[in-house]
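First the structure, in the form of structure tokens, and then the observations on it.
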Amino acid sequence: MKNSFVELHARELALSLLDAGTSRELVGPLDNMISPHLEPQGIVPESDDGIVLMKGKIEDKNVLIVSIEGKFQGGGIGEVSGAKIVAALEKALEDNQNGKTIYPILVLDTGGVRLQEANYGLLSISEIQNVVIALKKYVPVIGLIPGRVGSFGGMSITASILSYLITTNKARIGLNGPEVIEQEAGVREFDSSDKNLIWNTLGTKQRLATGLVDEVVDDTVDDIKEAVINEINAKKDAHRTENVDFYLSLLDQLDLNKKLDISSYDKLYQQVKTTKHEVADAVVGSEAGTKSRGRLWFEKLTGIKNAKSSVPTVLHAPKDGKEYIAIVPDAKNAFPRVRNGEVGLQEGFAVASVVNKIVAEDKNQTTKRPIILVVDVPSQAYGYQEELIGIHVALGSSAAAYAKARQAGHPVIAFIPGDAVAGGFLAHGLQSNRLIALDDTSITIQAMSKASAARITQRTIAELEEATKHVPAMAYDIDNYEKLGALYKLVKGIGSWDATDENVAKIKQIIDDAIQSTVNKPANLHFRYETPIAKESGRKATLQVRQLVTEQW
Amino acid sequence: MEKSHFNFDTKEAISKPVHVGVVASGDLEVIFRPTNQETEVNVVTGSDGFKEVWGNVLKRFFDRYPIQANIEINDFGSTPGVVNLRLTQALEELKDEK
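Chains as they are written, first to last, in UniProt numbering: chain A, 1 to 553; chain B, 1 to 98.
Pasting the structure below:
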């Protein structure tokens, strides 16, 4: 194991990739930029918050290495760690835009959102995804998933968006870890003690066979460095989140009557006949769809009664020059794991298809149509076949589509009358320029259910609830969420179910104001750092990190 | 989590700040910073109730290497042997470029 890459810590790992004597660390351990949210919860912090940012050279090319320390808090992304990644990638973007080529390399060893800083993790991860999409116009953004932890949660959604993924056979990749699926859907869905099944499903051998990673190399520093150099030189791009028609065709051809196993999936993957898929606009239906806050507001905002569509969980319709999109529950859905409105495979790919079409149609227009997301997503879908097929790519496809739409000049506005949770929110909501929410106590806005979060962080639910009192980002309600400063507006006095004509008119006005507020403003996600609440308290550490990265860049 | 604070009357100045280690399970990170004040060690540890052990480990270290420094330790349940190892590694980092 002398030259094993996987065994190295994040800092050693970054250094091992760079040519000797060329490295310079940004916002390192001596800068004292620790997470302000861990100590109040009785958790030992780390002086670099688990992220190593290193500039340097590989064979005379300028590179930025972002290396996540999987051994500190499972490589989870919180406020400071997330802001370090976003700020450094944004500086790299700026350099590339100014003609100074610098190649970003992300070393992912991460469980995704750091549950102790939950909502900060989700915000940061969506911001990382946004800048990755922007960077890919200039340079390939190479991802390395060396392993032990692998890549999970929101950071797997990010991984799906990266240009090219290099891994070793010591890594696993998935959206929901087996323990979370077991917690949410039962042991019959996924047995988290069956290590063999886990490795065979989420391990890189299987992921390589079905297009979820691009290369598996031996675990030595030399092999990995060589792969990185080759792929940068070849400007590789797997376009992983652009295979929407392929996956929608695959899902059509899936036999949902029996439990999907690995060999039959591999066979199906090879045999899929890709046909063009278009999600038809929602039309008036004869019977009411499964009741939800999201459906209610979609129908009221678009004026379509009992809205139905060719994909029962994805409603899309134009109204007054705006494009409305909602993901809704469907009690009889063929995919059991999305029946409560969760974002699953079909939802992610179908939303991507809708958004990509809008962007393509407006390509040559000077004014781009606003896209309005009605957000009521209780979570992503927790299921075995979802993981086997690669639900993180489905969610990555819609997140990427929204980010591209926004970057192309479409105002992307999220209206939140219902839940906004975890991967569901990353896929449908968090790539918006503006977030509007109703001030209703029924709204849950979080990274993981209490039961799962308690299990993963090895705390009791009572301890978890105690922690939410000290750290607003841990809380599950919209009023605490407001304290982070990410909202454009928290609408008081309108309940989640109060979609009266008068209230609908009010919301329409607020949406129009939000669209107006994006005119001549940068199409990035900086709005979230610039609200008075963000500056005063909500994103104080974020802003400090951004300042430091800029100074040291 | 428990925080503790120690002072030592040691006078050998160090030349630069150094950092070693990772806050991984059974491991710790150590930061030495030069100071002209009294030597000070601030420990944050995930394992409660070992203040006396910390005191002993640190005293033994400073008896052998009486450096004057401001030291920060973030610990995630390492044994005294590992603590001593990381402290010594930090010293080696100091010597490296001398």
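Every residue gets a Cβ at the ideal spot worked out from N, C-alpha and C, and that includes glycine. Because the structure is a prediction, the values reported are computed rather than measured.
request  = Only counting runs of 4 or more residues, tell me where the alpha helix (DSSP H) segments fall wholly within the stretch 10-45 of chain A, in order along the chain.
outcome  = The stretch 10-45 of chain A contains these whole alpha helix (DSSP H) runs: 10-17.
message = Since A:Ala-514 and A:Arg-406 should fall inside the 8 Å C-beta cutoff, what is the C-beta to C-beta distance between them, to a whole number of angstroms?
response = For this step, residue 514 of chain A is matched to residue 514 along the first sequence. For this step, residue 406 of chain A is matched to residue 406 along the first sequence. Incorrect: roughly 13 Å between the Cβ atoms, too far for contact.
ask   = Who does B:Thr-39 pair with in a DSSP beta bridge?
value = For this step, residue 39 of chain B is matched to residue 39 along the second sequence. According to DSSP, which records beta bridges pairwise, B:Thr-39 is partnered with B:Phe-8.
request  = Note down, in chain order, every chain B residue with its Cβ under 7 Å from the Cβ of A:Gly-42.
outcome  = The residue you call residue 42 of chain A lines up with position 42 of the first sequence. Those are Met-1, listed as they occur along chain B.
task = Please name the residue, chosen from A:Arg-114, A:Asp-95, A:Ile-43 and A:Val-284, that lies closest to A:Lys-137 on a Cα-to-Cα basis.
result = As a working mapping, residue 137 of chain A is identified with position 137 in the first sequence. Ranked by Cα distance from A:Lys-137, the options A:Arg-114, A:Asp-95, A:Ile-43 and A:Val-284 are led by A:Asp-95.
ask   = When the Cβ atoms of the stretch 82-91 of chain B are set against those of the stretch 5-21 of chain B, are three or more pairs found closer than 8 Å?
value = The stretch 82-91 of chain B, when compared against the stretch 5-21 of chain B, does touch it at the 8 Å Cβ threshold.
request  = Assign A:Pro-417 to buried or exposed, taking buried as 16 or more other Cβ atoms, counted over all protein chains shown, within 10 Å of its Cβ.
outcome  = One-based indexing of the first sequence puts residue 417 of chain A at position 417. Looking at its Cβ environment, which holds 16 or more other Cβ atoms inside 10 Å, A:Pro-417 is buried.
query = Is there at least one Cβ from chain B nearer than 8 Å to A:Ser-353's Cβ?
reply = Looking up residue 353 of chain A in the first sequence gives position 353. Closer than 8 Å to the CB of A:Ser-353 there is not a single CB belonging to chain B.
message = Against B:Glu-29, what residues of chain A qualify as contacts under a CB-to-CB distance less than 8 Å, listed in chain order?
response = Position 29 of the second sequence, counted from the start, is the residue given in the question as residue 29 of chain B. Neighbours of B:Glu-29 in chain A, taken as residues whose beta carbon is under 8 Å from its own, are Pro-29, Glu-46 and Ser-47 in chain order.
message = Do A:Ile-224 and A:Leu-144 count as a contact pair if the criterion is CB distance below 8 Å?
response = Here the question's residue 144 of chain A lines up with position 144 in the first sequence. Here the question's residue 224 of chain A lines up with position 224 in the first sequence. For the 8 Å CB-CB criterion, A:Leu-144 and A:Ile-224 form a contact.
ask   = With DSSP run on the structure shown, which of helix, strand or coil describes A:Leu-212?
value = Against the first sequence, residue 212 of chain A aligns to sequence position 212. A:Leu-212: coil per DSSP, three-state reduction.
key: Helix, strand or coil at A:Tyr-481 according to DSSP, with G and I counted as helix   = Residue 481 of chain A sits at position 481 when you count from the first residue of the first sequence. DSSP places A:Tyr-481 in the helix class (H, G or I) of the three-state scheme.
Segments of 4+ residues assigned as alpha helix (DSSP H) that fall wholly inside the stretch 361-446 of chain A = Counting whole runs of 4 or more residues, the stretch 361-446 of chain A contains the alpha helix (DSSP H) stretches 384-389, 391-407 and 422-427.
key: Under 7 Å by beta carbon: chain A residues contacting B:Ala-24   = Counting from 1 along the second sequence, the entry for residue 24 of chain B is found at position 24. Those within 7 Å of B:Ala-24 in chain A are Lys-71 and Phe-72.
Contact list for A:His-470 against chain B, beta-carbon separation under 8 Å = By one-based count along the first sequence, residue 470 of chain A stands at place 470. Ordered by position in chain B, no residue passes the 8 Å Cβ test against A:His-470, which lies about 13 Å from the chain.
message = Just to confirm the assignment, what range does the alpha helix (DSSP H) spanning B:Gly-57 have?
response = Numbered from 1 along the second sequence, position 57 holds the residue referred to as residue 57 of chain B. Correcting the residue identity first, residue 57 of chain B is Val in this sequence and not Gly. Counting along the chain, the alpha helix (DSSP H) containing B:Val-57 begins and ends at 51-64.
Partners in chain A for B:Asn-56, counting only beta-carbon separations shorter than 7 Å = Numbered from its first residue, the second sequence carries residue 56 of chain B at position 56. Within chain A, no residue comes near B:Asn-56; the closest Cβ sits about 21 Å away, beyond 7 Å.
query = alpha helix (DSSP H) containing A:Ile-157: first to last residue?
reply = Residue 157 of chain A sits at position 157 when you count from the first residue of the first sequence. Residues 154-161.
inquiry  = Beta carbons nearer than 8 Å to chain A: which residues of the stretch 65-80 of chain B have them?
reply    = Within the stretch 65-80 of chain B, the qualifying residues are Glu-72, Asn-74, Asp-75 and Phe-76.
query = Would you report the Cα separation of A:Asn-176 and A:Gly-344, rounded to the nearest angstrom?
reply = Taking the first sequence and counting its residues from 1, one reaches residue 176 of chain A at position 176. Taking the first sequence and counting its residues from 1, one reaches residue 344 of chain A at position 344. Spanning the alpha carbons of A:Asn-176 and A:Gly-344 requires a straight line of approximately 12 Å.
ask   = Per the contact definition of three or more C-beta pairs closer than 8 Å, is the stretch 100-108 of chain A in contact with the stretch 409-426 of chain A?
value = No contact exists between the stretch 409-426 of chain A and the stretch 100-108 of chain A.
message = One question on the structure: do A:Leu-122 and A:Gly-154 come within less than 8 Å of each other, judged by their Cβ atoms?
response = As a position in the first sequence, residue 122 of chain A is number 122, starting the count at 1. As a position in the first sequence, residue 154 of chain A is number 154, starting the count at 1. Going by beta carbons, A:Leu-122 and A:Gly-154 fall inside the 8 Å limit.
Nearest residue (CA-CA) to B:Leu-94, options B:Pro-80, B:Gly-81, B:Gln-68 and B:Asp-75 = As a position in the second sequence, residue 94 of chain B is number 94, starting the count at 1. Of the listed residues, the one whose Cα sits closest to B:Leu-94 is B:Gln-68.
Per-residue contacts from B:Val-44 into chain A (C-beta, under 8 Å) = Here the question's residue 44 of chain B lines up with position 44 in the second sequence. Residues of chain A passing the Cβ test: Glu-39, Val-44 and Pro-45.
task = Just list the beta strand (DSSP E) runs in the stretch 86-161 of chain A, keeping only unbroken ones of 3 residues or longer that don't cross its boundaries, in chain order.
result = Qualifying beta strand (DSSP E) stretches, in chain order: 103-107 and 142-145.
N- and C-terminal bounds of the alpha helix (DSSP H) containing A:Ile-229 = Here residue 229 of chain A is taken as the residue at index 229 of the first sequence, counted from 1. Counting along the chain, the alpha helix (DSSP H) containing A:Ile-229 begins and ends at 221-233.
request  = Measure the alpha-carbon distance for A:Lys-258 versus A:Tyr-265 and round it to whole angstroms.
outcome  = Translated into the one-based positions of the first sequence, residue 258 of chain A becomes position 258. Translated into the one-based positions of the first sequence, residue 265 of chain A becomes position 265. Each residue's CA atom was taken as its position, placing A:Lys-258 and A:Tyr-265 some 12 Å apart.
request  = On a CA-only basis, which of A:Val-80, A:Gly-50 and A:Ala-288 is nearest A:Thr-110? Give me that one, please.
outcome  = In the first sequence, residue 110 of chain A corresponds to position 110, counting from 1. Closest by alpha carbon: A:Gly-50.
ask   = My guess is that A:Gly-348 and A:Leu-315 are in contact by the Cβ rule of under 8 Å, so how many angstroms apart are they, rounded?
value = As a working mapping, residue 348 of chain A is identified with position 348 in the first sequence. As a working mapping, residue 315 of chain A is identified with position 315 in the first sequence. About 15 Å; that fails the 8 Å criterion.
request  = Output yes or no for whether 8 Å exceeds the beta carbon distance between A:Val-351 and A:His-470.
outcome  = The sequence position of residue 351 of chain A within the first sequence is 351, counting from 1. The sequence position of residue 470 of chain A within the first sequence is 470, counting from 1. Not a contact, by the Cβ cut-off of 8 Å.
inquiry  = Using a Cβ-Cβ cutoff of less than 7 Å, which residues in the same chain neighbour A:Phe-190 once the five nearest sequence positions on both sides are dropped?
reply    = Position 190 of the first sequence, counted from the start, is the residue given in the question as residue 190 of chain A. If we look at A:Phe-190 and ignore the five residues flanking it on each side, its Cβ neighbours are Pro-178, Ile-181, Glu-182 and Tyr-384.
message = Starting from A:Lys-319, trace the beta strand (DSSP E) in both directions and tell me its first and last residue.
response = Along the first sequence, one-based indexing puts residue 319 of chain A at 319. Residue range 314-319 is occupied by the beta strand (DSSP E) that includes A:Lys-319.
query = Are at least three pairs of beta-carbons, each pair with one atom in the stretch 23-41 of chain B and one in the stretch 62-82 of chain B, less than 8 Å apart?
reply = A contact exists between the stretch 23-41 of chain B and the stretch 62-82 of chain B.
Classification of A:Asn-233 by the beta-carbon crowding that lies within 10 angstroms, buried from 16 upward = The residue given as residue 233 of chain A occupies position 233 in the first sequence. By the 10 Å Cβ count, A:Asn-233 comes out exposed.
query = Could you give the distance in angstroms between the alpha-carbon of A:Gln-41 and the alpha-carbon of A:Phe-246?
reply = For this step, residue 41 of chain A is matched to residue 41 along the first sequence. For this step, residue 246 of chain A is matched to residue 246 along the first sequence. Going from the Cα of A:Gln-41 to the Cα of A:Phe-246 covers about 45 Å.
request  = Taking only beta-carbon positions, decide if B:Pro-34 is within less than 8 Å of chain A.
outcome  = Here residue 34 of chain B is taken as the residue at index 34 of the second sequence, counted from 1. Using a Cβ-Cβ cut-off of 8 Å, B:Pro-34 does not count as an interface residue toward chain A, since no Cβ of chain A sits closer than that to its own.
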